[in-house]
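Below: the structure, in structure tokens.
Numbering (my numbering), first residue to last: 29 to 545.
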């Protein structure tokens, strides 16, 4: 069935139907465009959401706890999911909206052309019908005139008073009018035949062909719209594998969380290594009050020196009085200090390995240049070789220094162990300083413990410095081997003593770093 055969007389209906089809395409394009905008806004909001919750501190982002790390993974996967929503929006705009809009413009022009052809065909048929009506009216008029002239000739011929000339005139006029009427009759017959032929072509050939073209156009529109409907689903389905993968990764991030492992990691990160405080001794004042030691001593009794947790809570101490981070990490608790020192040794060891690889490469290149002078001058590599050698020596010295501190942190193990010389650094000529005690309140003495030094005027003894000590914390004093010092406050059992140099500088030093004169 086709429009040309069954709807040959329904031009207005076909016009309205095809326009309705185009309107549906426009509505669908608008619908998809709004859907794309929703997807874009959704993706934008998801990205803003992930960005907002990724704005934690660097420490939080680098946190090794599984529950923290999994949340960061979830944010990353959600950001990827947002990217897939953007892909959906972009593909809907390009594959559906843009393509359908282009197709719609083409089909609109095609419809306009077909309807214009129908209008032209109707105008041609109407013009032919008007010509038929005109020849028909002329034939009727001429035939009436001919009949009138014939009747007048008969009347004249029967009139006894009419002359022969009058009779001949009347007959001639009647003959002329009859001839004209016959000609108009022939014209009318010819025009009628022509019109019937044109009408037959119009309704059986021309209009059916145009209507069939409109039918084909409308069916192509329907098929193309159906493709657009399917694309709406296909575009979504194409991203489902990646979306599913994102969701699976989010689920996996949840399953990776290990509460026990996080607890163990937390312990490892914050275990101080201090022993639990011992019982406080009973002080019997019933037999009299013993003289109190000076409040300006560097350290409190031993049991107080171990109360690390309690000292951490003293938030009233000004920031400038808090312990300063030291190169040997002595400001940290023992366990944390060991970890930091070992991490530093590993870091420097990697740098040392790179430097040694570079040195070996330079030496090989020098040999190649020596064997093949055309490739380069061996002497030109000397500065680089020398610089690399100096760097290697410096790095080995750094490793030795940190290994010494690590041994100290581990309880003063024998520095002559194989590990202390594993990097071929000659440290035999360096005296090994003994371990100095941990300060009581913080990792290093605080300013609050140091009162005015001028109140101590009595010299308790003379000492010679055995080992170098760098007094980085406020209240401590830097000393060098061979210096002579005067003690103004002896060791009270906490491992520190207060001394004064010849130039008047005063401060605390480890009592094990000097010997009496």
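Note that beta-carbon positions come from the ideal geometry of N, C-alpha and C, so glycine has one too. If you're wondering where the values come from, they're calculated on a predicted model, not measured in any experiment.
*Inter-stretch contact (C-beta, 8 Å, three-pair minimum) for the segment 159-171 and the segment 206-226*: Here the segment 159-171 makes contact with the segment 206-226; the two share three or more CB pairs at distances below 8 Å.
_Contacting residues, own chain, Cβ-Cβ under 6 Å from residue 354 (five flanking each side not counted)_ = The residues are 500.
*Please state if the CB of residue 49 and the CB of residue 246 are separated by a distance shorter than 7 Å.*
Here residue 246 is near residue 49, since their CB atoms are less than 7 Å apart.
*Quick one: is residue 544 buried, meaning 16 or more other Cβ sit within 10 Å of its Cβ, or exposed?*
It is exposed - the Cβ of residue 544 has fewer than 16 other Cβ atoms within 10 Å.
_Beta-carbon proximity of residue 160 to residue 220, cut-off 7 Å_ = Inclusion of residue 160 and residue 220 in the CB contact set at 7 Å is warranted, their separation being smaller than that value.
*Are the beta-carbon atoms belonging to residue 62 and residue 117 less than 7 Å from one another?*
Cβ atoms of residue 62 and residue 117: not closer than 7 Å.
_Exposed unless 16 or more other CB atoms sit within 10 angstroms - verdict on residue 313_ = Label assigned to residue 313: exposed.
_Span separating the alpha-carbon of residue 399 from that of residue 384_ = Answer to the nearest angstrom: the Cα atoms are 23 Å apart.
*DSSP-derived helix/strand/coil call for residue 536*: Shown here, residue 536 sits in a strand according to DSSP, grouped into three states.
*asked:* List, from N- to C-terminal side, the alpha helix (DSSP H) runs of 4 residues or more that fit wholly inside the segment 29-110.
replied: Entirely contained in the segment 29-110, the alpha helix (DSSP H) runs reaching 4 residues are, in chain order, 31-34, 39-81 and 86-89.
*Over what stretch of residues does the alpha helix (DSSP H) that includes residue 287 continue unbroken?*
Residue 287 -> alpha helix (DSSP H) spans 287-298.
_Best match in 107, 505 and 488 for proximity to residue 520 [C-alpha to C-alpha]_ = The shortest C-alpha separation from residue 520 is found at 488.
*Are the segment 53-62 and the segment 119-134 touching, with three or more C-beta to C-beta distances below 8 Å?*
Verdict: yes, contact present.
*For residue 252, I'd like the list of residues in its chain whose CB is within less than 6 Å of its CB, leaving aside the five on either flank, ordered along the chain.*
Only 131 meet the Cβ criterion.
*If you draw a straight line from the C-alpha of residue 376 to the C-alpha of residue 264, how long is it?*
Residue 376 and residue 264: Cα-Cα distance of roughly 52 Å.
_Minimum C-alpha distance to residue 507 - residue among 517, 491, 522 and 518_ = Comparing Cα positions, the closest option is 491.
*Using 8 Å as the Cβ pair cut-off and three pairs as the minimum, do the segment 145-161 and the segment 173-182 touch?*
Output reads no: the segment 173-182 does not touch the segment 145-161.
*Using a threshold of 7 Å, state whether the C-beta atoms of residue 497 and residue 430 are closer than that.*
Cβ distance not < 7 Å, so residue 497 and residue 430 don't count as in contact.
*Output the boundary residues of the beta strand (DSSP E) element that contains residue 526.*
Residue 526 -> beta strand (DSSP E) spans 524-528.
_Between 230, 52 and 436, which has its C-alpha nearest residue 37's C-alpha?_
Comparing Cα positions, the closest option is 230.
*Where does residue 349 fall in DSSP's three states?*
Caution applies to residue 349, whose pLDDT of 43 falls short of 50 and renders its modelled position unreliable; the model cannot decide the point.
*asked:* Could you compute how far the alpha carbon of residue 69 sits from the alpha carbon of residue 76?
replied: Their backbone Cα atoms lie some 10 Å apart in a straight line.
*What is the rounded straight-line gap between the Cα of residue 517 and the Cα of residue 530?*
Annotation: residue 517 to residue 530 spans about 16 Å, alpha carbon to alpha carbon.
_Cα-Cα separation between residue 30 and residue 106, rounded to whole angstroms_ = Rounded to the nearest angstrom, the two C-alpha atoms are 54 Å apart.
*With residue 33 and residue 236 assumed to form a contact (beta carbons below 8 Å), what rounded beta-carbon distance in angstroms separates them?*
Confirmed, Cβ separation roughly 6 Å.
*Straight-line CA distance for residue 417 to residue 389?*
If I take the Cα positions, the gap works out to 12 Å.
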